[in-house]
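**Q** Below: one structure in structure tokens.
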Amino acid sequence: MVTKCVHIELVLNLTTDAFIAALHRFVARRGIPVHMYSDNATNFAGSSSELHELYSLLHQQLTNDAIQGFCLPKEISWHFIPPRSPHVGGLWEAGVKSAKYLIKRTAGDTKLTEEEWSTLLTQIEGILNSRPLVPQTADPDDYSVITPGHLLIGRPITAIPEPAYDQIKHGTLSRWQHIQKMRADFWKRWSVNYLSELQERRKWSKQHTVIKVGDLVLLKEDNVPPLQWRLGRIVDTHPGQDAVTRVVTVKTTSGVFKRSTAKVAVLPLDDDEDKTEAD
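Letter by letter, the sequence shown follows residues 49 to 327 in our numbering.
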């Protein structure tokens, strides 16, 4: 099983000292890794200038010496993926791709302080590490799931309850309330995208896994927001004359329902999703 935990660090500039400081913060929060992987310059073709600057920084002799000085005593192996092989890093890129895309649209041109950025990015990290990975048990009546948060801290990552600020005029919000409104906006955007991608991947992927009894799914409702889709288990499948299953029976906490497979989103419970993302 691939855990796909996400770690986001805020750095103020592309310098050797800032990079090594970010590594120190990572190790302090997550422990010492055995291997660390980085993109290669040839994979940055057509990308933003910031990525080219980062690559240049990583390959400066001063930075390289500093990285080696940091990694060698801790027995950390630093790797650059093969040239012209961006698919090799597809798994970790997928983990932050949606975050980068939505952060730009959530924050926009808003000017934030270092503390505000650090708070927002850490909360976004918590959101990404709350997505479902696998069921906690094989019990068909158990709808609880394991998230990356369980693997990081041993339990779900739960945010501190905050009032809803979406109905309050922007000009009347304090700086803190504005940050929390941005966090909530990111959560709504990411949840809709993530749940929709699950449903589309299951419906259109050429290498999709056949839906089977016991799968944990979300019931897609046309008149209900994705955040309110119900969680359930497949209790029966109904293959057609061609042996292809297009209808399933799903059990939820509120009853048993028969649905088209196009109306269920199977949670990513195995390595099939990882293989698809890496291809």
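The C-beta atom is built at its ideal place from N, Cα and C for all residues, glycine as well. Being a predicted model, the structure only gives us computed values, none of them experimental.
Below 8 Å CB to CB, which residues in the same chain sit around residue 194 once its five sequence neighbours on both sides are set aside?
**A** On the sequence shown, residue 194 is found 146 positions in, with the first residue counted as 1. Result list for residue 194: 180, 181, 182, 183 and 184, in chain order.
**Q** Under three-state DSSP, which class holds residue 303?
**A** Position 255 of the sequence shown, counting from 1, holds the residue named residue 303. Strand.
**Q** Taking residue 114 as the reference, give the member of 148, 147 and 70 with the closest Cα.
**A** Locating residue 114 in the sequence shown gives position 66, where the first residue counts as 1. Among 148, 147 and 70, the Cα nearest to that of residue 114 belongs to 70.
**Q** Taking the alpha helix (DSSP H) that residue 78 falls in, what are its first and last residues?
**A** Walking along the sequence shown from the start, residue 78 turns up at place 30. Counting along the chain, the alpha helix (DSSP H) containing residue 78 begins and ends at 64 to 78.
**Q** Taking the alpha carbon of residue 149 as the reference point, which residue from 234, 307 and 212 has its own alpha carbon closest?
**A** What you label residue 149 is simply residue 101 of the sequence shown in a count that begins at 1. Answer by Cα proximity: 234.
**Q** Report the rounded CA-to-CA distance for residue 65 versus residue 298, giving the unit in angstroms.
**A** Working through the sequence shown from its first residue, we reach residue 65 at position 17. Working through the sequence shown from its first residue, we reach residue 298 at position 250. Roughly 54 Å between the two C-alpha positions.
**Q** Hey, out of 315, 295 and 283, whose CA is closest to residue 304's CA?
**A** Within the sequence shown, the letter at position 256 stands for residue 304. Per the Cα distances, 283.
**Q** Classify residue 175 as buried or exposed, calling it buried when 16 or more other Cβ atoms lie within 10 Å of its own Cβ.
**A** For the purposes of this step, residue 175 is taken as residue 127 along the sequence shown, with counting starting at 1. So residue 175 counts as buried.
**Q** If we ignore side chains and look at the alpha-carbon of each, how far apart do residue 300 and residue 127 end up?
**A** As a working mapping, residue 300 is identified with position 252 in the sequence shown. As a working mapping, residue 127 is identified with position 79 in the sequence shown. Near 45 Å, if we compare the C-alpha coordinates of residue 127 and residue 300.
**Q** Based on DSSP bridge pairs, tell me the residues matched to residue 127.
**A** For the purposes of this step, residue 127 is identified with residue 79 of the sequence shown, where counting begins at 1. According to DSSP, which records beta bridges pairwise, residue 127 is partnered with 85.
**Q** Flag residue 281 as yes if its beta-carbon sits less than 8 Å from any beta-carbon of chain B, otherwise no.
**A** Absent from the structure is chain B; it holds one protein chain and no more.
**Q** For my contact list, residue 54 and residue 173 are in at a C-beta cut-off of 8 Å; report their separation, rounded to the angstrom.
**A** Within the sequence shown, residue 54 is the residue found at index 6, counting from 1. Within the sequence shown, residue 173 is the residue found at index 125, counting from 1. Confirmed, Cβ separation roughly 6 Å.
**Q** Excluding five sequence neighbours on each side, which residues of the same chain lie with their C-beta closer than 8 Å to the C-beta of residue 212?
**A** As a working mapping, residue 212 is identified with position 164 in the sequence shown. If we look at residue 212 and ignore the five residues flanking it on each side, its Cβ neighbours are 232.
**Q** Report the option in 147, 271, 190 and 160 whose CA atom is closest to the CA atom of residue 226.
**A** Mapped onto the sequence shown, residue 226 falls at position 178. Residue 226 has its Cα closest to that of 160, out of 147, 271, 190 and 160.
**Q** Is residue 168 buried or exposed, if buried means 16 or more other CB atoms sit within 10 Å of its CB?
**A** Residue 168 sits at position 120 when you count from the first residue of the sequence shown. Looking at its Cβ environment, which holds 16 or more other Cβ atoms inside 10 Å, residue 168 is buried.
**Q** To the nearest angstrom, how far is it from the Cα of residue 170 to the Cα of residue 58?
**A** The sequence position of residue 170 within the sequence shown is 122, counting from 1. The sequence position of residue 58 within the sequence shown is 10, counting from 1. The straight-line gap from Cα to Cα measures roughly 9 Å.
**Q** Have a look at 84, 74 and 109 and flag the residue whose alpha-carbon is nearest the alpha-carbon of residue 63.
**A** What you label residue 63 is simply residue 15 of the sequence shown in a count that begins at 1. Selected option, being the one with the closest Cα: 109.
**Q** Using only the alpha-carbon positions, how far apart do residue 331 and residue 308 sit?
**A** For residue 331 there is no data in the structure shown, the boundaries of the chain being 49 and 327.
**Q** So within the region 195 to 226, which uninterrupted alpha helix (DSSP H) runs reach at least 4 residues, ignoring any that extend past its ends?
**A** Entirely contained in the region 195 to 226, the alpha helix (DSSP H) runs reaching 4 residues are, in chain order, 196 to 201.
**Q** Please state the DSSP three-state secondary structure of residue 175.
**A** Numbered from 1 along the sequence shown, position 127 holds the residue referred to as residue 175. Looking at residue 175 - three-state DSSP - the assignment turns out to be helix.
**Q** Could you compute how far the alpha carbon of residue 313 sits from the alpha carbon of residue 197?
**A** Working through the sequence shown from its first residue, we reach residue 313 at position 265. Working through the sequence shown from its first residue, we reach residue 197 at position 149. Those two C-alpha atoms are separated by around 22 Å.
**Q** So who's on the other strand from residue 287, going by DSSP bridges?
**A** As a working mapping, residue 287 is identified with position 239 in the sequence shown. Answer by DSSP bridge pairing, in chain order: 293.
**Q** If you draw a straight line from the C-alpha of residue 78 to the C-alpha of residue 166, how long is it?
**A** Taking the first residue of the sequence shown as position 1, residue 78 is located at position 30. Taking the first residue of the sequence shown as position 1, residue 166 is located at position 118. Looking at the two C-alpha atoms, the distance is approximately 17 Å.
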